[in-house]
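Participant: Got a structure here, written out as structure tokens. Questions coming.
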Amino acid sequence: MVVNEVENVENIEVRVERIPTGIIDDLISGGIPRGSVVLLIGDPKAGKSIFISQFTSTQVRNGNYVIGVLIDISKYEFVSNALDFGWEFMPYLDDKIVLLDAYTQRLRKAPKFSFDESVITDISDTTRLLDAIKDTTLRILSNNKSRKCRWIYILYDTNIL
Numbered sequence: 000m001v002v003n004e005v006e007n008v009e010n011i012e013v014r015v016e017r018i019p020t021g022i023i024d025d026l027i028s029g030g031i032p033r034g035s036v037v038l039l040i041g042d043p044k045a046g047k048s049i050f051i052s053q054f055t056s057t058q059v060r061n062g063n064y065v066i067g068v069l070i071d072i073s074k075y076e077f078v079s080n081a082l083d084f085g086w087e088f089m090p091y092l093d094d095k096i097v098l099l100d101a102y103t104q105r106l107r108k109a110p111k112f113s114f115d116e117s118v119i120t121d122i123s124d125t126t127r128l129l130d131a132i133k134d135t136t137l138r139i140l141s142n143n144k145s146r147k148c149r150w151i152y153i154l155y156d157t158n159i160l
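At position 109 of the sequence shown the residue is numbered 108 (numbering that gives the first Met the number 0), and the sequence of numbers has no breaks.
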């Protein structure tokens, strides 16, 4: 009986759909299991934003949509930093890549570079933050027949909060 259960578990694992990251796929059996929640943590300058940028680039290249909530970096910095690695996001903004700005108002600065989508004025207001993410996701899904929104990420540095 135990042998049958082990065989069933092995069969299930083989059928798990994986989402390629573009970075660590060889280490994690081809990508992140579909439907997973991933917490990416690390010290400042550890490479979290680079990982997210690479993942975003991979998803867009594969025809998927990505939503990002930027809390500790401006849109300009995020897009500019990605460009330093050869990942051009500008043609995909507001289409395949939607970046919600929670950085500008949080720091009470004028944006260095702006796009048209919404600005989140108070990240401690979780209801409005989640509403902004939900509304953006629904907008993408309603305009996208394949319904392939692969990733929603929130970039923030715990030292700033």
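Where is the CB? At the ideal position from N, CA and C, for every residue including glycine.
In the DSSP assignment, what residue or residues form a beta bridge with R127?
Facilitator: Beta-bridge pairing links R127 to no other residue.
Participant: Short of 6 Å in beta carbon distance, which residues of its chain neighbour K47, apart from the five on each side in sequence? Order them along the chain.
Facilitator: Around K47: L39, G41.
Participant: Go ahead and pull the three-state DSSP assignment for L38.
Facilitator: Note: L38 maps to coil in three-state DSSP.
Participant: Could you say which of E76, F88, I70, E87 lies nearest to L99 if we only look at CA atoms?
Facilitator: Of the candidates E76, F88, I70, E87, the one whose C-alpha sits nearest the C-alpha of L99 is I70.
Participant: Can you give me the Cβ contacts of A109 inside the same chain, cut-off strictly under 8 Å, excluding the 5 residues immediately before and after it?
Facilitator: In this prediction, A109 scores a pLDDT of 47, lower than 50, which makes its location untrustworthy; the coordinate-derived value is nonetheless stated afterwards. Answer for A109: T103, listed in chain order.
Participant: Considering only the alpha carbon of each residue, which of D124, D24, Y75, I66 lies closest to I96?
Facilitator: When only C-alpha atoms are compared, the closest one is I66.
Participant: Please determine, among L82, K74, I22, P43, the residue with the shortest C-alpha to C-alpha distance to Q58.
Facilitator: With distances taken between Cα atoms, Q58 lies closest to I22.
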